[in-house]
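Just below is one structure, and these are the notes that go with it.
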Amino acid sequence: MSRSRKSIPLTLFLIPLLMPGAHIHAQETGIENMRYEDRFTFKHGKPYVIDPFVWTYTKEFAKRFHMPEAWIDPELEGALAVAFRMTTIGDMTCGWAGKAANCRPPLDRQMDIYYDSSIQLPWNYPQYVQDTLMEGLSSSRYLGLTPDSKSLKYASSNPQAPQGVMNGGSLVRENVGGWTSSIIYYDREYEPRVGLIGYRGKGVCPSYVGPDKIYMPFFASEDFRKFQNRQMPVQDMRIVHRIIFPKFFLRRANANHFERNKIYEQFMDKFPPPPPAPNQPPPMQRGFTQPQPTIAPTKIDLPAPFPITVF
1 MSRSRKSIPL TLFLIPLLMP GAHIHAQETG IENMRYEDRF TFKHGKPYVI DPFVWTYTKE
61 FAKRFHMPEA WIDPELEGAL AVAFRMTTIG DMTCGWAGKA ANCRPPLDRQ MDIYYDSSIQ
121 LPWNYPQYVQ DTLMEGLSSS RYLGLTPDSK SLKYASSNPQ APQGVMNGGS LVRENVGGWT
181 SSIIYYDREY EPRVGLIGYR GKGVCPSYVG PDKIYMPFFA SEDFRKFQNR QMPVQDMRIV
241 HRIIFPKFFL RRANANHFER NKIYEQFMDK FPPPPPAPNQ PPPMQRGFTQ PQPTIAPTKI
301 DLPAPFPITV F
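Heads up: the sequence shown is residues 1 to 311, going by this note's numbering.
Rendered as structure tokens:
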């Protein structure tokens, strides 16, 4: 009698595992099957993690990574997905207006590109699969370099050698040049058949929201080196790949950028730059393009990340 009583709990435990569909149900409730709305939106009155990025992606990308259909855009070309935000990761600069305690918090544009890893992009050092170069992530930012520093692998004193991880990283429109940006991380094997490149800087600023097409060109490596050495005009460089950005995404990213950039504007209003020296041109006007009322961002069903109350 005592032996049978001891076997009952084990039997009750095994029965659900042997029932048809029990294993399938366990898989369906795993995090790999959770929807974006279940993880990053306000539900049931509970705290949640907010997504600071503005997204656009293909239908296939949304299905694979369980992303909302609201941000699927067939106008996206040359990439699987693009995400933009204003990041506060970076260096804090102090000493403004001649006082050491006047510090400007870090704020910059950040854009992630997810691409089909079968695309042949002009990597300068294809032997490296992934790396993180973003300032502000670790204390190594404040260490000096040595002759064998890993950080020097993307730079060379030889002007004919490849400089940087890869060219590209600028939003441009026809006949209008763009600012530059830096690759802050990359993973060419982020997921099977999916690579990831992260950019930061003015080059990925979504300030233009007009009718012209906005794209990011990637040039042949040898042509870009000639351009850097002033041996080839920009119009002669061969484009080996191009990403075209949807207007709906650019409008939403512009609104995000304009709202977040108020932190920078408030600081600069308090600590304006010094006046230009005599006979010098005035500094470039700061600030960014406000979203045009005629093409204001379209309201979507998912909650926007503003306003945020910080306790």
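Yeah, the Cβ is synthetic: ideal placement off N, Cα and C, and Gly gets one too.
Same chain, Cβ closer than 6 Å to residue i, neighbours up to 5 away in sequence not counted
i: ALA81; result: TYR57, PHE61 and TYR114
i: ARG109; result: VAL204 and CYS205
i: GLY198; result: ASP112, ILE184 and TYR185
i: GLY195; result: TYR115, SER117 and ARG188
i: LYS202; result: TRP179
i: ARG35; result: HIS66
i: PRO173; result: Looking at the sequence itself, residue 173 is Arg, so the reference to Pro does not match. Only ASP212 and ILE214 meet the Cβ criterion.
N-terminal and C-terminal residue of the alpha helix (DSSP H) that residue i is part of
i: ASP269; result: 262 to 270
i: TYR125; result: First-last for TYR125: undefined, no H or E at that position.
i: ASP236; result: First-last for ASP236: undefined, no H or E at that position.
i: GLU60; result: 59 to 65
Residues near residue i by beta carbon distance below 8 Å, same chain, minus five either side
i: GLN27; result: Any reading at GLN27 needs caution, since the residue's pLDDT is 46, under 50, leaving its predicted position unreliable; the model's value is listed next. The residues are ASN33.
i: HIS25; result: With a pLDDT of only 39 at HIS25, under the threshold of 50, the placement of this residue in the model should not be trusted; the figure read from the coordinates follows. So no residue of the chain qualifies.
i: GLN163; result: ASN124, TYR154, ALA155, SER156, ARG225 and GLN228
i: LYS150; result: none
i: VAL49; result: ARG39 and PHE40
i: HIS44; result: none
i: ASP131; result: VAL165, TYR185 and TYR186
i: ILE263; result: PRO105 and LEU107
i: ARG193; result: ASP116, SER117 and SER118
i: GLN160; result: ARG225 and ASN229
Three-state class that DSSP yields for residue i in the structure shown
i: LEU152; result: helix
i: ARG230; result: coil
i: PHE218; result: strand
i: HIS257; result: helix
i: VAL54; result: strand
i: ASP223; result: helix
i: ALA49; result: Looking at the sequence provided, one finds Val at residue 49 rather than Ala. VAL49 falls in the coil class under three-state DSSP.
i: GLU191; result: strand
i: GLN77; result: Reading off the sequence, residue 77 comes out as Glu, not Gln. Here GLU77 sits in strand by DSSP.
i: TYR186; result: strand
i: ILE31; result: helix
i: VAL240; result: strand
i: VAL204; result: helix
i: GLY164; result: coil
i: GLY210; result: coil
Delimiting residues of the beta strand (DSSP E) encompassing residue i
i: THR37; result: One detail in the question is off: residue 37 reads as Glu in this sequence, not Thr. Element bounds for GLU37: not the beta strand (DSSP E) but the alpha helix (DSSP H), 36 to 40.
i: SER157; result: That residue, SER157, is in no beta strand (DSSP E); it is neither H nor E in DSSP.
i: ALA81; result: 81 to 87
i: ILE197; result: 194 to 200
i: ILE113; result: 108 to 116
Environment of residue i [buried if 16+ CB atoms lie within 10 Å]
i: SER139; result: exposed
i: LEU250; result: buried
i: ILE214; result: buried
i: ASN167; result: buried
i: ASN158; result: exposed
i: MET92; result: exposed
i: ARG200; result: buried
i: THR87; result: buried
i: VAL165; result: buried
i: VAL129; result: exposed
i: PHE258; result: buried
i: ASP212; result: exposed
i: PHE312; result: Because the chain spans 1 through 311 in this model, residue 312 falls outside it and cannot be assessed.
i: ALA83; result: buried
i: ILE72; result: buried
i: GLY144; result: exposed
i: ASP148; result: exposed
i: GLU152; result: Looking at the sequence shown, residue 152 is not Glu but Leu. Exposed: under 16 other Cβ atoms inside 10 Å.
i: ASP269; result: exposed
i: LEU171; result: buried
i: LEU137; result: exposed
i: GLY169; result: buried
beta-carbon residue i near the ligand ADP non-hydrogen atom, thresh 7 Å
i: ILE89; result: No copy of the ligand ADP appears in this structure; indeed no ligand is present at all.
Same chain, Cβ closer than 7 Å to residue i, five either side skipped, listed in chain order
i: PHE227; result: VAL234 and MET237
i: HIS241; result: GLY78, ILE119, LEU121 and PHE218
i: GLN266; result: none
i: LYS63; result: none
i: ARG141; result: GLU135
Proximity test, Cβ basis, 8 Å: residue i and chain D
i: ASP116; result: Among the protein chains of the structure shown there is no chain D, as only one such chain exists.
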